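Everything on this sheet refers to the single structure shown next.
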Amino acid sequence: MSEQDTFRADPSEADRYDVAAVQAKWLPVWDELEPFKADDDSAAEKRYALTMFPYPSGDLHMGHAEVTALHDVISRYWKLRGFEVLNPMGWDSFGLPAENAAIRNDEHPATYTYANIETQYESFKRYAVGFDWTRRLHTSDPEYYRWTQWLFLKFRERGLAYRKLAPVNWCPNDQTVLANEQVVDGRCERCGAEVTKRELSQWYFKITDYAQALLDRLDDLEATWPERVVTAQRNWIGRSEGAHVDFVVGDRVVTVYTTRPDTLYGATFMVVAADAKLAAELVTNEQRPAYEAYVEQVRKASDIERMSTERPKTGVDLGVTATNPVTGEQVPVWAADYVLADYGTGAIMAVPAHDQRDLDFAREFGLPVRMVVDTGEEDPAVSFVATTGNGSYVNSGPLDGLSDKATGIRTVIEQLQADGVGEGTVNFRLRDWLLSRQRYWGVPIPIVHCPTDGEVAVPYEELPLQLPDLRGADLKPKGVSPLAAADDWVNVSCPQCGGPAKRDTDTMDTFVDSSWYFLRYCSPHFEDGPFDEDLVRAWMPCDIYVGGVEHAVLHLLYARFFTKVLHDMGMVDFEEPFAAQLNQGIVINQGKKMSKSLGNGVNLGAQLEEFGVDAVRLTLVFAGPPEDDIDWADMSPAGSLRFLQRAWRLSGDVTSAPGTVDGGDVSLQKARARTVHDAAELVESHRFNVMVARVMELVNATRKVIDAGGAADPAVRAATETVAQLLSLVAPYVAEEMWERLGHQPPIARTSWPTYDEALLVEDTVTAVVQVQGKVRGRVEVPADVSDADLEAAAMADPAVQKALEGATVRKVIVRAPKLVNVVTG
């Protein structure tokens, strides 16, 4: 914050600027004027600025303050540039945290949730984020989740929502299933309890049907999405090409997936996921006790832990063998935890010579290792280091002597297909989306279970299927949803046959709610569907989506999936919901993530009370590039406040009348023009901190002219008005106050981006850098249109350059007029 700290406001100035009074003054004015209310019918070009909506788990914190301050720069900038801007806000208000907090406090989740929403709403308004509050929504409102249920049923009609029995992550404390991403180091990310595995019938969305489409469109997003987000999504989808290969085990065929069918000759054993149904079916009676004990151990580990290459290999022999389809050999079949039940078929062929995890397993249990690709490295059976590079095939029957991997793979696949024991295929790491939860506070799944008709959809005209209130009921988790105990709600007549039936008592994961909320913002009060399709076409896709990189995979992937399905349903005319994305870093303190246990938390409310909204916002924006983490211990909101007071003081010193902005000090006119020009480029490239630095420079330049007696100079008024408008992107209270003091009506947000004479950007002279052997040895001031010859002459005449060349022979002079001369000696 060194630039800010150079500003020193005198005590009288600080006394005159009353931060609290200014905030109290403008909030009701903005409430009345609604400067950010989006006009659906506007003829102006539309822009949609979206930030990830919060969970109402208390008041706003420093993370909220950072993301909304950064987001607001873009939204307000677009507004000044003349676009009609949609900038909505709502709350992701269903979910476990509210339910758990309500249970702890012995209150209803709705009471807790909506109280926190109102707290955050007032804080957002105080923080002066330019949201259109007429479009506010809450995902726990029946008028919202009616359409979440409607979409679920529409997806089900298309075969994209289904129920199946499968092993799932289970939190014994929260008594609900968890997605893989909600398990961290083997524990529930919400409560910290050790996660186990259970086999349950659960609802899924068939996102795998869209795996290739989700992958293909990432190519279109590379230019406007952060590289790490695109990479994370590619890795999560995980497309691979290979083959399905049939191994005969006793009287049954077990199909495995492999990306390297050419290494089948080196497959010396098979591994089945320990928790897969297949393992339980294959194990012999003699081995069953050891197998069942092992499965209990495996269920305590998360999928992420099981896939770790650092994890010691464990397993149990199932007591059966499989026939290798290309060698005819009988190979042992083991159960292990490093294979996942839902990857491919839940079974793999193990080629230990060329896969390190297989090799580690083979070494642990004394299984054979056969090299089939000679890469020139030491035999893995000796080195215990798997070789994965290309080489020539050995010990591989008809492949021996070949050295082209593509040919080898193609040859083996052709052989497998000819023999009827395999075929080429494509596989994805992406698994179907497990969406049901055994908790109360969520969207009820609109399905009735009938003993005669099976799963029956709740009729569309009966939506929303509302949550029963259950006030006073015991909502503590019991392994099934608390809804199961609501007999009057659960027991219903089948919509199809009229006989006795029961409602589904699971609720939907909150990822479902957040997969389409951005569409609802376009018409939040629409009653004839989830959204007005014409308005969605007018506003979407979102031009920018601002939020944390922690949502790089799941939320963004699910939102993309929903959008693609809606496109196929003909409801939207685009396939990607977010045209561009900006991720912010996190706010840390004293070098560490904020934590109560570490005692390094920063209370946003206290910071706002001490320094004011504008100073906190300015500090967060000026701290560095948006994607960088911010250590609050290194920040100076006090320095930010001093700068804002200095800028505010300019507006009181201007003595020329409103409208008097032409002419005056040429140097200041040029500084202003350059600032406006650079600010636009900097905002559009998301270098907000540099934009703030340019404004600081303009404040300095304006102050110099005023202090030299130029308070009435038209250039001073023009520069001060520009300072106010640019500051409105970051510090709206100070900007509005300056705008009024300059004789203008509010709101400043509805003004137009400052204009300037392009001629003022033309430089009369430039400073050329002179290098000798690549090192800067001098600088010379030259005309902007200087010729190569004149620039070279000026450079060689510079005393500092002459000194650097003493005793040296000039071999070549490279001239790049008007800014660079490089002298090569030798």
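Sequential numbering from 1 applies to the sequence shown in the UniProt record's numbering. Glycine included, every Cβ here is placed at the ideal spot set by N, Cα and C. For clarity, every value in this text was computed on a predicted model and none was experimentally measured.
Whether residue i touches residue j by CB criterion (8 Å)
i           : j           : result
residue 664 : residue 602 : no
residue 188 : residue 178 : yes
residue 604 : residue 65  : yes
residue 132 : residue 38  : yes
residue 388 : residue 242 : no
residue 372 : residue 268 : no
residue 294 : residue 274 : yes
residue 143 : residue 83  : no
residue 439 : residue 99  : yes
residue 210 : residue 518 : no
residue 448 : residue 348 : no
residue 584 : residue 67  : yes
residue 734 : residue 648 : yes
residue 708 : residue 691 : no
residue 135 : residue 545 : no
residue 586 : residue 592 : no
residue 768 : residue 791 : yes
residue 401 : residue 375 : no
Exposure label - residue i; buried when at least 16 CB within 10 Å
i           : result
residue 171 : buried
residue 525 : exposed
residue 812 : exposed
residue 292 : exposed
residue 15  : Its pLDDT being 47, under 50, residue 15 is placed unreliably in this model, and the coordinates cannot settle the point.
residue 814 : exposed
residue 590 : exposed
residue 479 : exposed
residue 498 : exposed
residue 598 : exposed
residue 818 : buried
Rounded C-alpha distance that separates residue i from residue j
i           : j           : result
residue 259 : residue 408 : 12 Å
residue 481 : residue 475 : 8 Å
residue 20  : residue 613 : 9 Å
residue 694 : residue 677 : 10 Å
residue 688 : residue 194 : 43 Å
residue 781 : residue 796 : 13 Å
residue 147 : residue 139 : 10 Å
residue 673 : residue 726 : 13 Å
residue 501 : residue 108 : 28 Å
residue 645 : residue 744 : 19 Å
residue 838 : residue 186 : Residue 838 lies beyond the range of the chain shown here (1 to 826); nothing can be said about it.
residue 27  : residue 704 : 33 Å
residue 154 : residue 432 : 17 Å
residue 126 : residue 90  : 16 Å
residue 219 : residue 163 : 33 Å
residue 542 : residue 48  : 5 Å
residue 788 : residue 759 : 24 Å
residue 742 : residue 184 : 55 Å
residue 149 : residue 443 : 7 Å
residue 156 : residue 436 : 14 Å
residue 102 : residue 724 : 45 Å
residue 224 : residue 580 : 5 Å
residue 29  : residue 754 : 24 Å
From the options, residue whose alpha carbon lies closest to that of residue i
i           : options            : result
residue 165 : 608, 201, 197, 147 : 201
residue 772 : 349, 782, 805, 719 : 805
residue 332 : 518, 588, 320, 732 : 320
residue 118 : 103, 58, 87        : 58
residue 230 : 120, 553, 196      : 553
residue 831 : 419, 564, 386      : Outside the modelled stretch of the chain, which goes from 1 to 826, sits residue 831, for which no answer is possible.
residue 316 : 325, 328, 628, 336 : 336
residue 345 : 381, 380, 428, 360 : 428
residue 366 : 374, 376, 352, 378 : 352
residue 659 : 283, 722, 76       : 722
residue 52  : 313, 606, 556      : 556
* Note down, one range per segment and in chain order, each alpha helix (DSSP H) of at least 4 residues found wholly within the region 53–137. => Contiguous alpha helix (DSSP H) elements confined to the region 53–137 occur at 62–80, 96–104, 109–126, taking only those with 4 or more residues.
* Enumerate, from N- to C-terminal direction, the unbroken alpha helix (DSSP H) stretches of 4 or more residues contained entirely within the region 627–703. => Listed in chain order, the complete alpha helix (DSSP H) runs (minimum 4 residues) inside the region 627–703 are 637–653, 666–684.
* To do: Any chance you could list the beta strand (DSSP E) runs of at least 3 consecutive residues sitting entirely within the region 762–805, in chain order?
  => Secondary structure remark: continuous beta strand (DSSP E) runs of at least 3 residues inside the region 762–805, in chain order: 765–772, 775–783.
* **Continuous alpha helix (DSSP H) assignments of at least 4 residues falling wholly in the region 286–325** => If we require 4 residues or more, the alpha helix (DSSP H) runs fully inside the region 286–325 come out as 288–298, 303–306.
* **Segments of 3+ residues assigned as beta strand (DSSP E) that fall wholly inside the region 326–378** => Fully enclosed beta strand (DSSP E) runs of 3 or longer: 330–336, 347–350.
* **Inside the region 226–272 only - alpha helix (DSSP H) runs reaching at least 4 residues** => You should have 227–237.
* **Any beta strand (DSSP E) of 3 or more consecutive residues that is wholly inside the region 414–502** => Within the region 414–502, the runs of beta strand (DSSP E) at least 3 residues long that lie entirely inside it are, in chain order, 422–428, 447–450, 454–457, 491–493.
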